[in-house]
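Just so you know, the sequences run in chain order A and B.
For the first sequence, the numbering used here gives the first residue as 1, with consecutive numbering after it.
For the second sequence, the numbering used here gives the first residue as 325, with consecutive numbering after it.
Quick reminder that beta carbons are idealized off the backbone N, C-alpha and C, glycines included.
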Amino acid sequence: MSILVYVENTDGQFKKSAFEAVSYAKAVADQSGNQVVALSIGNVEDAQLTLLGKYGASKVLNVNTEQLKSFVNQAYAAIIVDAAKSNDASVLILSNSFSGKGLAPRVAAKLNAALADGAIELPSATGENLQVKTGAFSGKAFAFVELTSTIKVIALNPNSFEVKEAETSATIENYSPSIDAEDFSTIVKDIIRATDKISLPEADIVVSAGRGLKGPENWGMIEELADVLGAATACSKPVSDAGWRPHSEHVGQTGIAVSPNLYIAIGISGAIQHLAGVSASKTIVVINKDPEAPFFKVADYGIVGDAFDVIPKLIVALKAYKEL
Amino acid sequence: MKILVCISNVPDTTSKITFTNDNTAFNNVGVQYIVNPYDEIALSKAIDLAEGGKGSVTVITVGDASTDATIRKALATGADNAIRINALPRDAWFVANQIANYAKESNFDLILTGRESIDYNGTQVGAFIASILNIPSVSISKKLDIDGRTATVEREIEGGKEVLTLNLPAVIGTAEGVAETKIPNMRGIMTARTKPLDVIEPIEVTQLSRIVKFETPEPRGAVTLVDASDVEKLVSLLHEKAKVI
Ligand SMILES: Cc1cc2nc3c(=O)[nH]c(=O)nc-3n(C[C@H](O)[C@H](O)[C@H](O)COP(=O)(O)OP(=O)(O)OC[C@H]3O[C@@H](n4cnc5c(N)ncnc54)[C@H](O)[C@@H]3O)c2cc1C
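Here it is in structure tokens:
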């Protein structure tokens, strides 16, 4: 038996979430005395694949064909299913990323496997079953899901499990399962990625601003603050509804749920729907001119003050700190 | 074009989330239920696509009779008819099998879901349905155009977006950007009562997972306030105490 982990790449590079998934797979494998098999699909060089060994993979299956260079949901799912079967996988782990969310149910359905998505901790075994802690009610609660099927699928939330180095080294094998032509009916036309931007769901630090900023023209200081911190930018719902910022920045119950190490909320009141999506952040800083703003109740640090006064000063202070 | 929209009945976004029975069941006392906000986007898109006699919109939900109010809201918003599978939703696999079982007899061109439900936050039902029916799917779309038998979808990816095409029938999960959320008007509310709502009994599905308990997050300690004139203090707290920069 083995623990199979599917690792996603971005333009041939593995990101932190991929190493998190391998580290998690390694910890699951150690619980049951198994080995980790990592599966990579797409055009990834050996140097990158070798890195997976450092985090616990004993074997790396490399599927690298022209046809599979970009993500095709059905075809990728078919390959993962094939690899799970041929490696006798008892648990399959994926990142709960945008693509992972599309893959995990397909793979689980084909393997007759139960799926826990949004895992935030290592599973615990109860006999043959696994219990997995997942987020529920958009950050307002956690649910412990028991998986009772023979094969189990777990989709791991980004920023939930620490990357750990292991004393393994991986052998790399080229892997070429056969895939039905009908699994390629989805065709990718274009990929547009802002390469200079940090991806919000995976960011370590998030700088978020709300209606208190008054208008889109005032986001310069928010972006500068994010830049100094190496942070992703986010916003409250009314801000994206008004078109001040793109929808992809909207965090909260009906937006993206984030769990960074540091979440800085500027000019956001802290409505229950906003808090739902950000309360899993490890440290929360609130900057708001209203001392009664509900956000202060769930913050670790706060400044009562005018953002237009505080943020420029904060940028100066952070620059000075970075230069130390 | 025949469109099926999957509707989930969820607690209002302002609900306080608590549990009963030793934290094994959601406490629905005093909780208002609504159409899942992402499903409202799916429904609004379906209504746009079907507008002017170009198609029909069926909404489907898996739930007991207490979900009828939510279904009527969807009908009032503009769906033509509704199906309720008469069972408590046990997990996403159960729900998806019920919907797929209904859909496979009815030849829908397009099946829309919300990107996730705001209660269990799974992005599972849509892709499960697609997998059971063996048709393509996109789980989180921000833009959707249909031209004949081809759907062009913009889907979210980390740090950007991807544009892709797929053949109908397909299952698409919708997020903001796909459509402006519609709200029922007076006429809609009046006609909703006369639109068909068919109740169907569920099929057997092997249960593969179950929620054994819930937890609520630990409350945070009291906030440490820093004076607005002393931002350096905040920087040093974040560095030395919180260790996040
Ligand atoms: C079904 C539903 C779903 C929702 N989902 C979400 C969601 O996912 N995410 C989300 O964010 N919201 C969501 N909302 C909306 C939510 O209820 C709030 O309306 C929203 O979060 C408020 O955004 P805001 O804090 O930016 O604006 P406001 O509530 O208007 O707050 C602005 C804040 O800025 C402060 N301020 C003003 N000027 C300054 C200044 N110069 N300096 C510093 N501070 C200043 C004010 O004191 C105030 O606290 C949802 C609502 C509903 C009904």
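Classification of residue i by the beta-carbon crowding that lies within 10 angstroms, buried from 16 upward
i, result
"residue 545 of chain B", "exposed"
"residue 74 of chain A", "buried"
"residue 349 of chain B", "exposed"
"residue 522 of chain B", "exposed"
"residue 456 of chain B", "buried"
"residue 440 of chain B", "buried"
"residue 181 of chain A", "exposed"
"residue 394 of chain B", "buried"
"residue 409 of chain B", "buried"
"residue 356 of chain B", "exposed"
"residue 174 of chain A", "exposed"
"residue 378 of chain B", "exposed"
"residue 478 of chain B", "buried"
"residue 123 of chain A", "buried"
"residue 397 of chain B", "buried"
Element boundaries [beta strand (DSSP E), containing residue i]
i, result
"residue 512 of chain B", "No beta strand (DSSP E) holds residue 512 of chain B; the alpha helix (DSSP H) holding it covers 510-516."
"residue 426 of chain B", "Where residue 426 of chain B is concerned, there is no enclosing beta strand (DSSP E), although the alpha helix (DSSP H) it sits in stretches over 416-430."
"residue 467 of chain B", "461-471"
"residue 41 of chain A", "35-41"
"residue 335 of chain B", "333-335"
"residue 147 of chain A", "141-147"
"residue 263 of chain A", "262-266"
"residue 120 of chain A", "Here residue 120 of chain A belongs to no beta strand (DSSP E), and DSSP marks it neither H nor E."
"residue 538 of chain B", "533-539"
"residue 93 of chain A", "89-95"
"residue 276 of chain A", "Residue 276 of chain A -> not in any beta strand (DSSP E); alpha helix (DSSP H) instead, spanning 272-278."
"residue 208 of chain A", "205-209"
"residue 252 of chain A", "Run containing residue 252 of chain A: none; DSSP gives neither H nor E here."
"residue 396 of chain B", "Premise fails: residue 396 of chain B lies in the alpha helix (DSSP H), 392-401, not in any beta strand (DSSP E)."
Residue interval of the alpha helix (DSSP H) (run including residue i)
i, result
"residue 228 of chain A", "220-229"
"residue 73 of chain A", "73-86"
"residue 293 of chain B", "The shown model of chain B, from 325 to 569, leaves out residue 293 of chain B, and the question about it has no answer."
Closest residue to residue i among the options (Cα-Cα distance)
i, options, result
"residue 6 of chain A", "A/67, A/78, A/30, A/31", "A/78"
"residue 448 of chain B", "A/23, A/18, A/241, A/154", "A/154"
"residue 172 of chain A", "A/38, A/304, A/264", "A/38"
"residue 442 of chain B", "A/83, A/297, A/276", "A/276"
"residue 204 of chain A", "A/188, A/128, A/272, A/281", "A/281"
"residue 212 of chain A", "A/178, A/164, A/237", "A/237"
"residue 541 of chain B", "A/90, A/15, A/298", "A/298"
"residue 327 of chain B", "B/405, B/485, B/382, B/346", "B/382"
"residue 67 of chain A", "A/43, A/271, A/15", "A/43"
"residue 525 of chain B", "B/329, B/413, B/325, B/346", "B/413"
"residue 283 of chain B", "B/532, B/373, B/565, B/502", "In the structure displayed, chain B extends from 325 to 569; residue 283 of chain B sits before or after that span and is not available."
"residue 152 of chain A", "A/159, A/169, A/93", "A/93"
"residue 468 of chain B", "B/502, B/330, B/550", "B/502"
"residue 279 of chain A", "A/235, A/124, A/139", "A/139"
"residue 470 of chain B", "B/482, B/370, B/446", "B/370"
"residue 72 of chain A", "A/124, A/8, A/219", "A/8"
"residue 142 of chain A", "B/536, B/558, B/553", "B/536"
"residue 80 of chain A", "A/290, A/300, A/56, A/110", "A/110"
"residue 250 of chain A", "A/321, A/295, A/201, A/50", "A/201"
Strand pairing of residue i, partner residues [DSSP]
i, result
"residue 193 of chain A", "B/484"
"residue 438 of chain B", "B/498"
"residue 443 of chain B", "In the DSSP output, where bridge partners are listed per residue, residue 443 of chain B has none listed."
"residue 357 of chain B", "B/335"
"residue 126 of chain A", "A/129"
"residue 287 of chain A", "A/266, A/303"
"residue 475 of chain B", "B/470, B/490"
Beta-carbon proximity list for residue i, same chain, < 7 Å, skipping 5 on both sides
i, result
"residue 82 of chain A", "177"
"residue 46 of chain A", "172"
"residue 88 of chain A", "1, 2"
"residue 147 of chain A", "114, 116, 129, 130, 132"
"residue 473 of chain B", "491, 492"
Closer than 8 Å: residue i CB and nearest ligand 3 heavy atom
i, result
"residue 163 of chain A", "As far as ligands go, the structure on display features ligand 1 and does not contain ligand 3."
Chain-order list of residues whose beta-carbon lies under 8 Å from that of residue i (same chain, five-residue window excluded)
i, result
"residue 325 of chain A", "The first residue shown for chain A is 1 and the last is 324, placing residue 325 of chain A beyond what the model contains."
"residue 273 of chain B", "The question about residue 273 of chain B has no answer, for chain B in this structure spans 325 to 569."
"residue 69 of chain A", "42, 43"
Sequence-distant residues of the same chain with beta carbon closer than 6 Å to residue i, five excluded per side
i, result
"residue 247 of chain A", "240"
"residue 20 of chain A", "161, 163"
"residue 538 of chain B", "343, 347"
"residue 118 of chain A", "96, 134, 135, 157"
"residue 336 of chain B", "356, 358"
"residue 557 of chain B", "550"
"residue 387 of chain B", "333"
Short of 7 Å Cβ to Cβ, which residues in the stretch 118-146 of chain A face chain D? In the displayed structure, chain D is absent; the protein chains listed are A and B.
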